Amino acid sequence: MMIRKILIGLLSSSFLQAVAWGFNSAGVSRRHRHGTTSLSMGLVSTVNRIRDSVLSKDRSREELTVGIAGFYDRSSKLWEDVWGEHMHHGYYDPPDRTDHQQAQIDLIDEVLNWAEVVSPPTSVVDVGCGIGGSSRHIARKYGCSTSGITLSPYQAKRANELALEQGLKEKCTFQVANALEMPFDDNTFDLAWSLESGEHMPDKKVFVNELFRVIKPGGRVIIVTWCHRDLISDQQESSLKPKELRLLRRINRAYYLPEWCSRQDYIDLFEKEHNCKDVKVDDWSGFIAPFWKAVIKSSLNFRSIVGLLRSGFSTQRGAYAMLLMLQGFQMGLIKFALITATKPE
Numbered sequence: 367m368m369i370r371k372i373l374i375g376l377l378s379s380s381f382l383q384a385v386a387w388g389f390n391s392a393g394v395s396r397r398h399r400h401g402t403t404s405l406s407m408g409l410v411s412t413v414n415r416i417r418d419s420v421l422s423k424d425r426s427r428e429e430l431t432v433g434i435a436g437f438y439d440r441s442s443k444l445w446e447d448v449w450g451e452h453m454h455h456g457y458y459d460p461p462d463r464t465d466h467q468q469a470q471i472d473l474i475d476e477v478l479n480w481a482e483v484v485s486p487p488t489s490v491v492d493v494g495c496g497i498g499g500s501s502r503h504i505a506r507k508y509g510c511s512t513s514g515i516t517l518s519p520y521q522a523k524r525a526n527e528l529a530l531e532q533g534l535k536e537k538c539t540f541q542v543a544n545a546l547e548m549p550f551d552d553n554t555f556d557l558a559w560s561l562e563s564g565e566h567m568p569d570k571k572v573f574v575n576e577l578f579r580v581i582k583p584g585g586r587v588i589i590v591t592w593c594h595r596d597l598i599s600d601q602q603e604s605s606l607k608p609k610e611l612r613l614l615r616r617i618n619r620a621y622y623l624p625e626w627c628s629r630q631d632y633i634d635l636f637e638k639e640h641n642c643k644d645v646k647v648d649d650w651s652g653f654i655a656p657f658w659k660a661v662i663k664s665s666l667n668f669r670s671i672v673g674l675l676r677s678g679f680s681t682q683r684g685a686y687a688m689l690l691m692l693q694g695f696q697m698g699l700i701k702f703a704l705i706t707a708t709k710p711e
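In the working numbering, the protein residues as written are 367 to 711.
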């Protein structure tokens with residue numbers, strides 16, 4: 367309860383900052399010829415922003431693309447300062463482990479083992495690469511080359527800086543690109559790796575199509591992503607419950623997410639759209655369960671709080687949404703899904 371109060375307080379302060387920004391920017395503009403118009407526009411923009419957040423309004427595809435880039439431009443440095451170069455969940459087995467950064471590295475290795483990546487790939491595409499932690503780890507593990515893409519200019523720049531610092535400049539490259547329109551030729555890579563980026567994709571069919579397009583026949587696709595629970599077929603369930611949908615919409619506003627899908631939706635795309643015969647799916651919600659509590663706890667020290675206050679409204683709102691994610695996992699609504707298959711020869 368105390369954690370919730372602190373994060374709500376931070377979020378409330380960000381609303382006040384947004385309102386103050388509207389007044390201050392308008393106040394400066396009033397000294398100019400179009401002051402009245404600027405005042406009105408500033409106030410309307412601020413009020414609309416607050417209204418859309420409170421009502422959990424859905425965003426357009428263009429708004430999502432711009433919003434995702436901006437969100438990670440603003441929040442990635444804070445995350446790296448607190449948690450390091452890996453911007454994803456950790457693998458908690460045993461569940462009481464406290465070496466959180468190693469748990470994040472272990473998640474990568476455990477997923478690769480689960481997906482039965484036996485033959486070392488020579489080329490890997492990392493779709494939604496963050497600041498490149500997974501790419502660099504995989505490059506060191508297999509001696510392969512990796513190409514990472516992200517919507518965030520900050521992340522691409524930082525990922526290339528870290529590759530240079532770690533002596534991997536020749537192995538790992540990163541660029542700004544859209545996962546729904548990847549700038550790669552057909553049949554380029556041995557492995558398509560997407561670790562916690564699929565939830566950002568507004569068109570899951572196009573996303574999966576692109577993954578299969580850029581890998582070679584016989585190559586492997588691995589998606590690790592947030593999904594909602596599968597619908598209960600024997601109860602003829604056609605949609606999630608209203609309470610569940612409301613929670614997901616609140617999370618969507620914070621993390622710039624489109625509509626969610628289920629694991630079964632991915633299975634259908636793999637099997638029906640790409641004729642995959644070896645689809646493997648799992649739910650690792652239990653293995654990553656301690657992660658969100660650890661992240662929330664890590665945010666409650668002086669350094670993190672100062673960084674959060676400086677980071678702006680969207681990052682602060684994302685911090686509060688950690689509590690919503692935790693709630694979603696605890697009620698069985700949100701699943702940490704793994705999906706893999708090879709591209710038919």
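Glycine included, C-beta positions come from ideal geometry on N, C-alpha and C. It should be emphasised that the depicted structure is a prediction, and the values quoted were computed from it without experimental measurement.
Q) Looking only at C-alpha atoms, which of ILE515, GLY496, VAL490 sits nearest to LYS507? A) As a first step, residue 507 must be located in the sequence shown, where it is residue number 141. Checked all of ILE515, GLY496, VAL490; the closest Cα to LYS507 is VAL490.
Q) Mapping DSSP to helix, strand and coil, what is HIS566? A) As a working mapping, residue 566 is identified with position 200 in the sequence shown. Looking at HIS566 - three-state DSSP - the assignment turns out to be helix.
Q: Please report how far the alpha carbon of GLN468 lies from the alpha carbon of GLU562, in whole angstroms.
A: Here the question's residue 468 lines up with position 102 in the sequence shown. Here the question's residue 562 lines up with position 196 in the sequence shown. Those two C-alpha atoms are separated by around 18 Å.
Q: In the DSSP assignment, find the unbroken beta strand (DSSP E) run with TRP559 in it and report its ends.
A: Within the sequence shown, the letter at position 193 stands for residue 559. Counting along the chain, the beta strand (DSSP E) containing TRP559 begins and ends at 555-561.
Q: Report the three-state DSSP secondary structure of SER628 (helix, strand or coil).
A: Taking the first residue of the sequence shown as 1, we reach residue 628 at position 262. Reduced to three states, the DSSP call for SER628 is strand.
Q: Output the boundary residues of the alpha helix (DSSP H) element that contains PRO583.
A: By 1-based counting over the sequence shown, the position of residue 583 is 217. That residue, PRO583, is in no alpha helix (DSSP H); its beta strand (DSSP E) goes 581-594.
**Q.** Sequence-distant residues of its chain with Cβ nearer than 7 Å to ALA525 (five each side left out)
**A.** Here the question's residue 525 lines up with position 159 in the sequence shown. CYS495, ILE497, GLY498, GLY514, PHE540, listed in sequence order.
Q: Along the alpha helix (DSSP H) that carries ALA525, what are the first and last residues, could you check?
A: Mapped onto the sequence shown, residue 525 falls at position 159. Segment 519-531, the alpha helix (DSSP H) holding ALA525.
Q | Alpha-carbon spacing of GLY533 relative to ILE504, whole angstroms | A | Working through the sequence shown from its first residue, we reach residue 533 at position 167. Working through the sequence shown from its first residue, we reach residue 504 at position 138. Cα to Cα, the separation comes out at about 14 Å.
Q | Residue burial classification, VAL484 (beta-carbon count within 10 angstroms, cutoff 16) | A | Position 118 of the sequence shown, counting from 1, holds the residue named residue 484. With fewer than 16 other Cβ atoms within 10 Å, it is exposed.
Q | Coil, strand or helix - PHE550 by DSSP | A | As a first step, residue 550 is located in the sequence shown; it is residue number 184 there, counting from the start. It is coil, neither helix nor strand.
Q. If you draw a straight line from the alpha carbon of GLN316 to that of ALA703, how long is it in whole angstroms?
A. Outside the shown range of the chain (367 to 711) lies residue 316, about which nothing can therefore be said.
Q: State the beta-bridge partners of PHE540 as determined by DSSP.
A: Against the sequence shown, residue 540 aligns to sequence position 174. PHE540 is bridged to GLY514.
Q | Residues near THR516 in its chain [Cβ-Cβ closer than 6 Å; skip 5 each side] | A | As a working mapping, residue 516 is identified with position 150 in the sequence shown. The answer, listed in chain order, is CYS495, ALA522.
Q: Could you round the C-beta distance between ALA558 and ASP644 to whole angstroms and report it? I think they count as a contact, below 8 Å.
A: Position 192 of the sequence shown holds residue 558. Position 278 of the sequence shown holds residue 644. Between ASP644 and ALA558 the Cβ distance is about 15 Å, and since that is not below 8 Å, they are no contact.
Q. Between LEU689 and SER651, what straight-line distance do the alpha-carbon atoms span, to the nearest angstrom?
A. By one-based count along the sequence shown, residue 689 stands at place 323. By one-based count along the sequence shown, residue 651 stands at place 285. Near 16 Å, if we compare the C-alpha coordinates of SER651 and LEU689.
Q: Less than 8 Å between the CB atoms is what I'm expecting for SER560 and LEU546, so what's the real figure, rounded?
A: Counting from 1 along the sequence shown, the entry for residue 560 is found at position 194. Counting from 1 along the sequence shown, the entry for residue 546 is found at position 180. Incorrect: roughly 12 Å between the Cβ atoms, too far for contact.
Q | Identity of the residues DSSP links to ASP439 by a beta bridge | A | For the purposes of this step, residue 439 is identified with residue 73 of the sequence shown, where counting begins at 1. DSSP lists no partner for ASP439.
Q | Alpha-carbon spacing of SER664 relative to VAL542, whole angstroms | A | Here residue 664 is taken as the residue at index 298 of the sequence shown, counted from 1. Here residue 542 is taken as the residue at index 176 of the sequence shown, counted from 1. Their backbone Cα atoms lie some 29 Å apart in a straight line.
Q: Keeping to the same chain, check which residues put their C-beta closer than 6 Å to that of TYR632; ignore five residues upstream and five downstream.
A: On the sequence shown, position 266 is the one that residue 632 refers to. These residues qualify, in order along the chain: ILE705.
(Q) Tell me the residue span of the beta strand (DSSP E) that contains LEU597. (A) Taking the sequence shown and counting its residues from 1, one reaches residue 597 at position 231. Where LEU597 is concerned, there is no enclosing beta strand (DSSP E), given that its DSSP letter is neither H nor E.
Q: Tell me whether the beta-carbon of LEU473 lies closer than 8 Å to the beta-carbon of GLY450.
A: Here residue 473 corresponds to residue number 107 of the sequence shown, with the count starting at 1. Here residue 450 corresponds to residue number 84 of the sequence shown, with the count starting at 1. Contact flag unset, no.
Q.
So, under 8 Å CB-CB, SER511 and LYS535 are touching, yes? Tell me the CB distance rounded to an integer number of Å.
A. Walking along the sequence shown from the start, residue 511 turns up at place 145. Walking along the sequence shown from the start, residue 535 turns up at place 169. The Cβ separation is near 11 Å, so there is no contact.
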